[in-house]
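Asker: If you count the sequence shown from 1, position 52 lands on 52 in the UniProt record's numbering, and the numbers rise without skipping.
Note that the Cβ used here is the ideal one computed from N, Cα and C, for glycine as well.
Since the model is a prediction, treat every value here as computed from it, not as a measurement.
Quick one: structure below, then a few questions.
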Amino acid sequence: MEMPKASEQDKERFRRVVPDHPDVVVKPMFGNLGAFVNGNMFAGLFGSTIGVKLSDEDRGMLESSERTVPFGPAERPMGGYTGLPEIWNEEGDGDDTRARAWAEKALGYIATLPPKQPKEPKARAPRSGTPRAAAK
């Protein structure tokens, strides 16, 4: 599975599109970026594609009215996320406004979900063999 890396220009565009909100955290993910609220990702960057996670109603509206694309690896797109139209990358500032509006909707939807709980660390299996201190 190939993971495209986002260019610096792609990352700058993503940061412009993500809502400026005190609860939003943008962090790196596999050479790309993700935008989170309460630990839940609402928007992501995969190569040059921005994906958003919307309510079923909003996702249906977006996918029926625009040329959206799958979000994530072609072999395994991320369920529940919609890739914003690739042509929006080429059309300029007016399309950043459209992308920003959909990112706002995604933030509003995901902010209603319960905060993601941190995963418990996995218990380590006991080591076999002689402890290092006793080996000396």
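Going by DSSP, which residues form a beta bridge with glycine 44?
Answerer: Gly34, Gly51
Asker: Can the beta-carbon of aspartate 10 be found less than 8 Å from the beta-carbon of leucine 45?
Answerer: For aspartate 10 and leucine 45, yes; Cβs fall inside 8 Å.
Asker: Please work out which residues of its chain come closer than 8 Å, Cβ to Cβ, to phenylalanine 14, disregarding the five sequence neighbours upstream and downstream, and give them in chain order.
Answerer: Excluding positions up to five away in sequence, the list reads Ala6, Val26, Leu33, Ala35, Ala43, Leu45, Ile50.
Asker: Measuring alpha carbon to alpha carbon, tell me which residue in Pro4, Leu107, Gly108, Val18 is nearest threonine 97.
Answerer: The shortest Cα separation from threonine 97 among Pro4, Leu107, Gly108, Val18 belongs to Val18.
Asker: Considering only residues of the same chain and omitting the five flanking positions on each side of isoleucine 110, which have a CB-CB separation below 7 Å?
Answerer: Val37, Asn40, Phe42, Lys53
Asker: Buried or exposed for leucine 113, please, with buried defined as at least 16 other CB atoms from any protein chain shown within 10 angstroms of its CB.
Answerer: exposed
Asker: Return the residue from the list Ala74, Thr82, Lys122 that minimises the CA-CA distance to threonine 68.
Answerer: Thr82
Asker: Can you tell me where the beta strand (DSSP E) holding glycine 17 begins and where it ends?
Answerer: Note on identity: in this sequence residue 17 is valine, with glycine being the wrong assignment. Unbroken run through valine 17 is the alpha helix (DSSP H), 8-17; no beta strand (DSSP E).
Asker: For phenylalanine 30, which of Glu12, Asp20, Ser48, Met3 has the nearest alpha-carbon?
Answerer: Nearest option by C-alpha distance: Met3.
Asker: Taking C-alpha atoms, which residue in Lys116, Pro85, Gly108 lies nearest to serine 65?
Answerer: With distances taken between CA atoms, serine 65 lies nearest to Pro85 out of Lys116, Pro85, Gly108.
Asker: Where does methionine 78 sit, in a helix, a strand or coil, going by DSSP?
Answerer: coil
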